[in-house]
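Quick note on our numbering: the sequence shown kicks off at 1 and runs consecutively. The structure appears right after this line, and notes come after that.
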Amino acid sequence: MSQLTADTLVIGSGPGGYEAAVRSAQLGMKTVVVERGELGGVCTNVGCIPSKALIAESHRYQSVRQWSSHTASSSFAQAQAFKSAVVSRQAGGVRFLLQNAGVTVVQGEASLLDEHTAVVTREGEEQLISFRHAILATGSRPIELQAVPFGGRVLSSTEALSLTEVPASLIIVGGGYIGVELGQMYAKFGAKVTIVEAGGQVLPGFETGLTAPIVRQLSEDGVTIITEASVLSADQDQKGLTLHYVKHNEQQLIQAQYAIVTVGRRPNTDGSLGLERIGIQTAARGMIVTDEQCRTSIPHIFAIGDITHGPALAHKASYEAKVAAEAIAGKPSAVDYKAIPLVVFSEPELASVGLTEAECRAQGIAVVVGKSSFAINGRALALKAGEGFVKLIAEQGSGIVLGAQIVGAEASTLISELALAIEMGATAEDVAMTIHPHPTLGEVTMEAAGKAAKQM
Ligand code: NAD
């Protein structure tokens with residue numbers, strides 16, 4: 001059996017793992033990253049990147065359809081080809097970054113044998129890796145519903161990104177981030193989409209004022225939303241699928257060609273990874289317990305990303321990756337989660353950072369709120385994107401920005417300015433007095449900040 005040694009062993013090469021490996025190598029440590037699937041993990045291959053490529057293509061398709069007679073089938077085939085090209089370019093970028101940093105990449109499935117040894121298995125071959133430190137970054141996978149198990153016409157988000165044709169009809173079970181993003185994308189390509197959601201609204205974590213413009217656009221795209229529905233079972237045959245659910249104590253059914261189940265993700269901390277064998281502490285739902293430097297209960301082993309508490313977001317994983325690698329290098333880095341942006345890539349986009357108004361009130365923090373609409377912004381009107389608003393929450397008295405929510409065009413990009421404001425301890429006045437170029441969507445942020453500042 002061959003043997004490798006590493007100062008830092010990273011298990012998993014998603015946005016957490018590859019960032020951790022690159023940072024560790026840059027800090028002068030001999031670094032090995034082990035990956036059982038494709039380099040870049042879920043985000044690069046079957047998550048963020050392919051979904052955003054298809055979402056962007058669905059928007060382009062919708063615009064083009066207004067001017068020409070493109071058919072959905074030829075356009076969707078082109079969109080899938082475009083997606084694959086984007087994914088392979090991005091995955092190539094991950095490989096290049098790792099190579100450039102001098103990281104050794106090992107393909108295979110890693111299991112922890114003891115506190116300083118892992119075995120990597122691939123096609124019956126085994127390789128031992130002894131390590132001084134390890135960073136676990138094994139990510140998550142879609143949750144399967146017992147009532148509607150994956151298989152046949154019931155797809156997870158992974159298969160949903162690789163359909164070769166636009167289905168005539170599609171049921172989405174779970175109207176969260178993935179359900180809304182993929183449901184709207186397929187609706188824009190012409191599928192008849194129904195979202196079946198257990199909660200009282202789609203995107204249940206967000207205020208209804210923020211989700212209302214998205215619900216309106218979903219309706220315009222032909223999406224039907226059924227809320228407060230409890231899914232019972234699904235029957236499938238060669239032609240399609242029937243989903244049975246209960247709403248207000250009444251049993252109902254809907255039929256479609258496929259169902260996509262997007263009811264959340266679970267951490268990859270079970271299976272052969274070996275956490276129990278070496279005694280790493282986990283909490284509810286298999287999440288690994290970590291401290292502010294991302295150390296597990298075994299201090300030289302770290303865990304980052306979807307396998308730890310907090311939102312399952314690529315950028316949270318890559319942020320923790322830097323902290324963990326720096327902690328291993330002896331730096332005093334520690335996580336500070338006060339400004340993690342959340343983004344839904346719907347149309348219009350939704351983004352949030354820091355505290356919401358309700359969270360501030362629940363914590364007894366007195367706040368002022370400034371809100372400004374896209375409808376009075378010239379650039380937004382020119383882009384036919386007059387729907388939406390920026391809401392900025394600042395502490396009463398000091399004016400320090402505590403949070404912001406945006407629904408509207410480019411919310412995913414606009415939110416970074418407000419994440420920086422929170423990170424820097426800026427006030428609403430600082431944001432309002434920053435000269436924003438005209439005509440841009442950023443002026444909506446400046447206006448909202450100005451309104452908050454006037455109430456100080
Ligand atoms: P989610 O937690 O966002 O949404 C799951 C939805 O399913 C919720 O609305 C929930 O009420 C509903 N639900 C749960 N059980 C149900 C049931 N039995 N029947 C019907 N509805 C049910 O989960 P997701 O959309 O699967 O995404 C998983 C994670 O991936 C997210 O939490 C997010 O962190 C991440 N993600 C992020 C982005 C992004 O940043 N844009 C995009 C996709 C995914």
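Note that the Cβ used here is the ideal one computed from N, Cα and C, for glycine as well.
Worksheet item: DSSP three-state call for Glu35: helix, strand or coil?
Response: One-based indexing of the sequence shown puts residue 35 at position 35. Strand at Glu35.
Worksheet entry | Residue interval of the beta strand (DSSP E) (run including Gly408) | The count along the sequence shown starts at 1 and reaches residue 408 at position 408. 401-408 is the extent of the beta strand (DSSP E) around Gly408.
Practice prompt. From the DSSP output, in three-state form, read off His315 for me.
Written response: As a first step, residue 315 is located in the sequence shown; it is residue number 315 there, counting from the start. His315 sits in a helix when the DSSP states are folded into three classes.
Practice prompt. Measure the C-alpha to C-alpha separation of Met185 and Phe389 and round it to an integer number of angstroms.
Written response: For the purposes of this step, residue 185 is taken as residue 185 along the sequence shown, with counting starting at 1. For the purposes of this step, residue 389 is taken as residue 389 along the sequence shown, with counting starting at 1. One C-alpha to the other measures close to 23 Å.
Worksheet item: If Val10 and Ser24 are in contact, beta carbons under 8 Å, what's the gap, nearest whole angstrom?
Response: Taking the sequence shown and counting its residues from 1, the one referred to as residue 10 is at position 10. Taking the sequence shown and counting its residues from 1, the one referred to as residue 24 is at position 24. Their Cβ separation, rounded to whole angstroms, is 7 Å, which keeps Val10 and Ser24 in contact under 8 Å.
Fill in: alpha helix (DSSP H) segment containing Phe76, residue limits
Start at 1 with the first residue of the sequence shown, and residue 76 comes out as number 76. Counting along the chain, the alpha helix (DSSP H) containing Phe76 begins and ends at 72-101.
Fill in: 7 Å CB neighbourhood of Lys451 in its chain, flanking five on each side removed
If you number the sequence shown from 1, residue 451 lands on position 451. Cβ neighbours of Lys451 beyond the five flanking positions: Gly370, Lys371, Ser372.
Worksheet item: With Ile400 and Gly425 assumed to form a contact (beta carbons below 8 Å), what rounded beta-carbon distance in angstroms separates them?
Response: Reading the sequence shown from its first residue, position 400 is the one you call residue 400. Reading the sequence shown from its first residue, position 425 is the one you call residue 425. Rounded, the Cβ-Cβ distance is 6 Å, consistent with contact.
Discussion item. On a Cα-Cα basis, can you pick out the residue from Pro311, Thr117, Ala187 that is closest to Pro341?
Written reply: Counted from its first residue, the sequence shown places residue 341 at position 341. Checked all of Pro311, Thr117, Ala187; the closest Cα to Pro341 is Pro311.
Worksheet item: Whose C-alpha, out of Ile406, Gly386, Glu357, Ile365, is nearest the C-alpha of Ile393?
Response: On the sequence shown, position 393 is the one that residue 393 refers to. Ranked by how close their Cα comes to the Cα of Ile393, the residues Ile406, Gly386, Glu357, Ile365 have Glu357 in first place.
Discussion item. Just verifying my parser: in three-state terms, what is the DSSP assignment at Phe206?
Written reply: Locating residue 206 in the sequence shown gives position 206, counting from the first residue. Three-state DSSP puts Phe206 in coil, outside helix and strand.
Worksheet item: Cβ of Gly310 within 7 Å of any heavy atom in the ligand NAD?
Response: Within the sequence shown, numbered from 1, the residue matching residue 310 stands at position 310. No, Cβ of Gly310 sits at least 7 Å from all heavy atoms of the ligand NAD.
Discussion item. Please tell me whether Arg153 and Leu243 are closer than 8 Å, where the distance is taken between their beta carbons.
Written reply: Counting from 1 along the sequence shown, the entry for residue 153 is found at position 153. Counting from 1 along the sequence shown, the entry for residue 243 is found at position 243. Taking 8 Å as the Cβ cut-off, Arg153 and Leu243 do not qualify as a contacting pair.
Item to complete: Determine the contact status of Thr121 and Gln90, defining contact as a CB-CB distance below 8 Å.
Response: On the sequence shown, residue 121 is found 121 positions in, with the first residue counted as 1. On the sequence shown, residue 90 is found 90 positions in, with the first residue counted as 1. No, these two residues do not count as a Cβ contact at 8 Å.
Worksheet item: Quick one: Cα of Lys247 to Cα of Ser75, how far?
Response: Here residue 247 corresponds to residue number 247 of the sequence shown, with the count starting at 1. Here residue 75 corresponds to residue number 75 of the sequence shown, with the count starting at 1. Rounded to the nearest angstrom, the two C-alpha atoms are 37 Å apart.
Discussion item. By the DSSP assignment, the alpha helix (DSSP H) with Arg141 in it spans what residues?
Written reply: Taking the sequence shown and counting its residues from 1, one reaches residue 141 at position 141. Where Arg141 is concerned, there is no enclosing alpha helix (DSSP H), although the beta strand (DSSP E) it sits in stretches over 140-142.
Worksheet item: For Ile435, is the classification buried or exposed, using 16 other Cβ atoms within 10 angstroms of its Cβ as the cut-off for buried?
Response: For the purposes of this step, residue 435 is taken as the residue at position 435 of the sequence shown. Exposed, because fewer than 16 other Cβ atoms sit within 10 Å of the Cβ of Ile435.
Practice prompt. Report the residue from Ile406, Ala317, Val367 whose alpha carbon sits nearest the alpha carbon of Phe374.
Written response: Walking along the sequence shown from the start, residue 374 turns up at place 374. Per the Cα distances, Ile406.
Practice prompt. Identify, in the order they occur along the chain, each residue of the same chain with its Cβ nearer than 7 Å to the Cβ of Glu423, setting aside the five sequence neighbours on each side.
Written response: Looking up residue 423 in the sequence shown gives position 423. Hits under 7 Å: Ala339.
Worksheet entry | Member of Met1, Glu447, Val32, Tyr177 whose CA lies at the smallest distance from the CA of Ala325 | As a position in the sequence shown, residue 325 is number 325, starting the count at 1. Comparing Cα positions, the closest option is Val32.
Worksheet entry | Test item: CB-CB of Ala418 and Val367 under 8 Å | Residue numbering aside, residue 418 sits at position 418 when the sequence shown is read from its first letter. Residue numbering aside, residue 367 sits at position 367 when the sequence shown is read from its first letter. The sequence given here has Leu at residue 418, not Ala. Not in contact: Leu418 and Val367 (Cβ atoms no closer than 8 Å).
Discussion item. I'd like the list of long-range same chain contacts for Ala53, defined as Cβ closer than 8 Å, with 5 residues on each side in sequence excluded.
Written reply: For the purposes of this step, residue 53 is taken as the residue at position 53 of the sequence shown. Correct list, in chain order: Ala79, Phe82, Lys83, Val86, Val87.
Fill in: Nearest-angstrom Cα separation, counted from Leu313 out to Ala214
Here residue 214 corresponds to residue number 214 of the sequence shown, with the count starting at 1. Here residue 313 corresponds to residue number 313 of the sequence shown, with the count starting at 1. Correcting the residue type first, residue 214 is Ile in the shown sequence and not Ala. If you take the alpha carbons of Ile214 and Leu313, they lie about 21 Å apart.
Item to complete: Report the option in Ile328, Gln146, Ala428 whose CA atom is closest to the CA atom of Asp7.
Response: As a first step, residue 7 is located in the sequence shown; it is residue number 7 there, counting from the start. Among Ile328, Gln146, Ala428, the Cα nearest to that of Asp7 belongs to Ile328.
Practice prompt. Give the secondary structure of Thr194 by DSSP, where H, G and I count as helix, E and B as strand, and everything else as coil.
Written response: If you number the sequence shown from 1, residue 194 lands on position 194. Reduced to three states, the DSSP call for Thr194 is strand.
Worksheet item: With DSSP run on the structure shown, which of helix, strand or coil describes Asp7?
Response: Counting from one through the sequence shown, the residue named residue 7 turns up at place 7. Strand, per DSSP.
Worksheet entry | Span of the alpha helix (DSSP H), counted from its first residue to its last, around Tyr177 | Locating residue 177 in the sequence shown gives position 177, where the first residue counts as 1. Element bounds for Tyr177: 177-188.
Worksheet item: Less than 8 Å separating the beta-carbons of Tyr258 and Gln252?
Response: For the purposes of this step, residue 258 is taken as the residue at position 258 of the sequence shown. For the purposes of this step, residue 252 is taken as the residue at position 252 of the sequence shown. Their beta carbons are not under 8 Å apart, which means Tyr258 does not touch Gln252 by this criterion.
Item to complete: Would you list, in sequence order, the uninterrupted beta strand (DSSP E) runs of no fewer than 3 residues that lie entirely inside the stretch 347-423?
Response: 349-354, 367-373, 389-395, 401-408
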